Ligand SMILES: [Zn+2]
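In the numbering used here, the protein residues as written are 17 to 106.
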């Protein structure tokens with residue numbers, strides 16, 4: 017779900033209002049509201065117990081489920097490439 021889509025609907029509603037196209041304005045505004053409701057429902061929730069969480073929270077306060085994706089592990093970029101060389105294997 018994209019916030020920009022809802023914003024566009026709102027902008028359309030506004031411009032329709034300004035042009036006096038009220039039915040269209042209401043139409044766009046209600047679309048924006050639907051999108052906003054979707055966004056609300058889609059907001060950060062615990063994947064396990066669906067408690068509401070905040071983006072910065074790492075753990076669900078209710079069940080302790082990790083909310084945030086752990087940052088991808090990046091091996092330190094170094095020049096030393098350690099190779100596992102096994103050569104006398106007879
Ligand atoms: Zn939870």
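Even for Gly, the Cβ is constructed at its ideal location relative to N, Cα and C.
A quick note: this is a predicted structure, and the numbers were derived from the prediction, not measured.
Under the three-state reduction of DSSP, which class applies to residue i: helix, strand or coil?
i          : result
residue 74 : coil
residue 39 : helix
residue 90 : coil
residue 59 : coil
Just confirm the distance between the C-beta atoms of residue i and residue j, as a whole number of angstroms; I'd bet it's less than 8 Å.
i           : j          : result
residue 74  : residue 83 : 6 Å
residue 145 : residue 29 : Residue 145 is absent from the model: the chain starts at 17 and stops at 106.
residue 54  : residue 71 : So it is not a contact: roughly 17 Å between Cβ atoms.
Pick out whichever of the options has its Cα sitting closest to the Cα of residue i.
i          : options        : result
residue 64 : 56, 45, 79, 54 : 79
residue 48 : 39, 89, 22     : 22
Within this structure, are the beta carbons of residue i and residue j separated by less than 8 Å?
i          : j          : result
residue 77 : residue 93 : no
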